[in-house]
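**Q** One structure, pasted below without further comment.
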Amino acid sequence: MSDSHSSIIPNFGLHPWFITERTPDWLNTLKEFLAANPSAAVGEIGIDKGSIGKKIDFRDQVEVFRLQLQLAKELKRPASVHCVRAFGDLLEILKSVGPFPAGIVLHSYLGSAEMVPEFSKLGAYFSFSGFLMSMKESKAKKMLKSVPIERILLETDAPDARPKSVDPKTLFLINESDNEKDGMSLPEESLNHPANIHHVLAYVAHLLENEEEELARISYQNAVRLFSYEGSKLLLQTEFIILEKTHWLCNLTVVILFSVAENYLTPDALAAAKALLPDSAEGDLAAVCSWPDQIRFHYRWSSPLHYIDTPDFRCNYQYCRDCHDSVGRKDRCVTGAIYNYTMQLMSEHRQSDLSVTKYNLTEALMFLSHFVGDVHQPLHVGFTGDEGGNTINVRWYRRKSNLHHVWDTMIIESALKTYYNSDLATMIQSIQSNITDAFIDVASWKNCNGTVCPEPYASESINLACKFAYRNATPGSTLGDDYFLSRLPVVEQRLAQGGVRLAAILNSIFSAQPSLAKE
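For the sequence shown, the working numbering gives the first residue as 15, with consecutive numbering after it.
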């Protein structure tokens with residue numbers, strides 16, 4: 015099935031219910047399966063003290079589970095973990111074998127909220143299915159709200175875990191014994207169907223007080239991140255994540271900025287950029303907007319290149335002081351990355367292997383374009399102490415969020431719905447019109463003595479972060495109309511500036527390297 019469907023990730027493992035049937039050579043057989051299938055993850059593995067598991071020697075379960083956990087860790091692949099009525103035991107086992115940088119999926123998680131932080135430290139993701147509906151709602155809500163948003167996954171566990179708390183008429187079922195769904199109880203033999211994922215999404219979103227579309231986007235990105243290990247089907251041979259041309263997977267601010275930039279590219283620059291884009295982009299720069307965000311968990315070295323941590327409350331930026339990663343390596347920040355990838359694209363050195371050269375240039379183009387967007391988001395140049403607003407928990411109207419996410423996404427989402435009838439193209443057109451008619455200093459945006467000048471962009475961002483982003487946004491506060499209406503013009507101008515400047519950078523690069531447009 016996985017050979018026929020690119021979206022299916024195979025998993026191989028020995029489930030605790032079946033360990034009594036294992037052969038003496040079972041572990042070598044499993045290793046051979048995983049070696050022959052580099053795209054496969056490990057699972058479903060685990061421990062069980064439920065009605066079925068209690069009939070199986072628990073010491074044997076633990077021994078088999080440990081061996082498979084160690085194998086997953088050695089292979090640097092994620093593992094899907096089954097656990098029934100044994101979460102305390104599970105935590106102790108994971109602590110003794112872990113942590114798990116490649117990730118652990120706690121499948122159909124029904125453990126307590128109190129255990130979530132400990133599991134998270136070990137690399138756990140929390141996957142929720144229809145079984146969640148069997149938990150008392152108040153307990154489920156408390157548990158869900160304790161899970162980091164970047165660790166939430168959704169599943170159906172089909173053919174099991176049929177959603178119980180929904181109208182039977184809305185369910186997709188298998189083997190209904192030809193009975194009509196008349197609103198009465200369904201036959202017990204009716205099996206769950208993967209199409210019921212939307213019921214799980216709706217229930218989890220309800221408990222989190224989040225919008226379904228937003229949660230769908232987040233859980234999808236989490237799944238892509240988790241399954242983007244070396245050898246994964248989510249990576250092409252060139253290590254580009256397979257992206258469908260669906261902008262909703264991207265941060266909306268980046269989509270808008272990229273779309274603005276494309277309107278200011280010269281014909282040569284546009285042709286050169288299109289020539290370097292992967293085929294999946296279909297010539298649309300905005301279609302690859304999420305690649306650097308998704309690849310950062312595979313290219314772990316790239317994570318600090320998305321931001322700059324500045325000293326708390328200084329409200330200024332200095333390259334020599336601030337451009338380094340968490341262990342002090344210099345030039346590891348978004349401005350350093352912009353310089354680096356600009357130089358790569360500008361380089362006149364041509365390798366003899368054109369395919370390798372083009373691959374490197376494609377990565378450079380996608381990184382550079384994304385990082386120009388990042389440096390224009392004020393909180394990507396925020397304070398070290400709050401991780402650019404990531405640790406400042408707030409409510410955006412009634413929705414739980416953090417300040418960084420408000421500036422990354424939620425201000426734009428609210429504007430899109432309030433003023434543009436959720437039509438992204440109309441919003442982009444409005445911002446482009448403002449560049450022509452409303453903003454009075456557009457010409458100065460492109461002032462630069464070289465090909466690229468990211469340092470003033472970073473200085474602008476930290477100034478705006480202090481003046482607008484952090485102001486009146488204390489931990490636990492609710493941000494509403496006053497905040498939204500006064501900050502939206504800032505966000506829209508930063509998108510316009512980022513788009514105009516990105517176009518100017520690419521125009522300069524490709525005018526100096528016209529041959530790129532012909533390759």
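No residue lacks a Cβ here, since even glycine has one placed at the ideal position from N, Cα and C.
These numbers come from a predicted model, not from an experiment.
Using C-beta distances below 6 Å, list every residue in its chain close to F272, excluding the 5 sequence neighbours before and after it, in chain order.
**A** Excluding sequence neighbours, F272 sits near L299, A300, C303.
**Q** I'd like to confirm the pairing. Which residues does DSSP put opposite R412 in its beta bridges?
**A** Paired residues: none, contrary to the question.
**Q** Quick one: what's F26 bridged to in DSSP?
**A** F26 is bridged to V56.
**Q** For chain C, check one thing: does any of its Cβ atoms lie closer than 8 Å to the Cβ of L41?
**A** In the displayed structure, chain C is absent; only one protein chain is listed.
**Q** For the alpha helix (DSSP H) that C334 lies in, which residues bound it at each end?
**A** From DSSP, the alpha helix (DSSP H) with C334 extends over 333-336.
**Q** In terms of residue numbering, what span does the alpha helix (DSSP H) encompassing I309 cover?
**A** Residues 305-309.
**Q** Three Cβ pairs or more, each shorter than 8 Å: is that satisfied between the region 157-173 and the region 224-235?
**A** Result yes; three or more Cβ-Cβ pairs closer than 8 Å.
**Q** Does the separation of the CB atoms of A55 and I23 fall below 8 Å?
**A** In this structure, I23 lies closer than 8 Å to A55 by Cβ.
**Q** What does DSSP give as the partner residue(s) for L120 in the beta ladder?
**A** Beta-bridge pairing links L120 to V95, F140.
**Q** What residue range is occupied by the uninterrupted alpha helix (DSSP H) comprising L108?
**A** Where L108 is concerned, the enclosing alpha helix (DSSP H) stretches over 101-111.
**Q** Does the distance from the CB of I61 to the CB of Q82 come in under 8 Å?
**A** No, these two residues do not count as a Cβ contact at 8 Å.
**Q** What's the call for F142, buried or exposed, on a 16-neighbour Cβ count within 10 Å?
**A** That one is buried.
**Q** Sort out for me which residues DSSP pairs T492 with in a bridge.
**A** For T492, which the question treats as bridged, DSSP gives the partners R409.
**Q** Please state whether DSSP places N374 in a helix, a strand or coil.
**A** N374: helix per DSSP, three-state reduction.
**Q** Under the rule that 16 or more other beta-carbon atoms within 10 Å means buried, what is S179, buried or exposed?
**A** S179 comes out exposed.
**Q** Please report how far the alpha carbon of L368 lies from the alpha carbon of F241, in whole angstroms.
**A** The pLDDT assigned to L368 is 45, lower than 50, so where the model puts this residue is not dependable; a value taken from the coordinates is nonetheless given after this. Straight-line Cα distance between these residues: approximately 30 Å.
**Q** By the three-class DSSP mapping on this structure, what secondary structure does M198 have?
**A** With a pLDDT of 38 at M198, under the threshold of 50, the modelled position of that residue is not reliable, and the figure given next carries that caveat. Three-state result, M198: coil.
**Q** So, using beta-carbon positions, are V111 and K87 closer together than 8 Å?
**A** Going by C-beta atoms, V111 is nearer than 8 Å to K87.
**Q** In three-state DSSP terms, what is F272?
**A** Three-state result, F272: helix.
**Q** Who are the Cβ neighbours of T37 in its own chain at under 8 Å, not counting the five residues just before and after it?
**A** Excluding positions up to five away in sequence, the list reads T43.
**Q** Whole angstroms is fine: what's the gap from Y243's alpha carbon to A116's?
**A** If you take the alpha carbons of Y243 and A116, they lie about 7 Å apart.
**Q** Taking only three categories from DSSP, how would you classify N486?
**A** Here N486 sits in coil by DSSP.
**Q** So what's N224 in DSSP terms, helix, strand or just coil?
**A** Coil, per DSSP.
**Q** For N461, tell me which candidate among A518, Q332, S122 has the shortest Cα-Cα distance.
**A** Ranking A518, Q332, S122 by Cα distance to N461 puts A518 first.
**Q** Can you grab the Cα-Cα spacing for the pair D496 / S444, in whole Å?
**A** Between D496 and S444, the C-alpha separation is close to 22 Å.
**Q** Are the region 509-523 and the region 277-284 touching, with three or more C-beta to C-beta distances below 8 Å?
**A** Taking 8 Å as the limit for Cβ pairs, the verdict is that the region 277-284 does touch the region 509-523.
**Q** Which residues share a DSSP beta bridge with K344?
**A** DSSP output for K344 lists H338 as bridge partner(s).
**Q** Can you check which of these residues, E427, R413, M157, A286, is closest to F524 by C-alpha distance?
**A** Taking only the C-alpha atoms, the option nearest F524 is A286.
**Q** Taking contact to mean 3 or more Cβ pairs, one atom from each stretch, closer than 8 Å, check whether the region 345-355 and the region 377-386 are in contact.
**A** Yes, they touch.
**Q** Quick one: residues in its chain with C-beta nearer than 6 Å to the C-beta of G513, no 5 flanking neighbours on either side, listed in chain order?
**A** For G513, where only same-chain residues beyond five positions count, the Cβ hits under 6 Å are L271, V274, A275.
**Q** State yes or no: is the C-beta of A127 within less than 8 Å of the C-beta of S160?
**A** In contact: A127 and S160 (Cβ atoms closer than 8 Å).
**Q** Can the beta-carbon of R412 be found less than 8 Å from the beta-carbon of E296?
**A** Their beta carbons are not under 8 Å apart, which means R412 does not touch E296 by this criterion.
**Q** Going by C-alpha to C-alpha distance, which of A510, S436, Y333 sits closest to V386?
**A** Closest by alpha carbon: A510.
**Q** The beta strand (DSSP E) that contains L168, what's its start and end?
**A** Note, L168: beta strand (DSSP E), 166-168.
**Q** State the DSSP-derived secondary structure class of S21, mapped to helix, strand or coil.
**A** Coil.
**Q** Report the three-state DSSP secondary structure of N354 (helix, strand or coil).
**A** Of the three classes helix, strand and coil, the one that applies to N354 here is helix, per DSSP.
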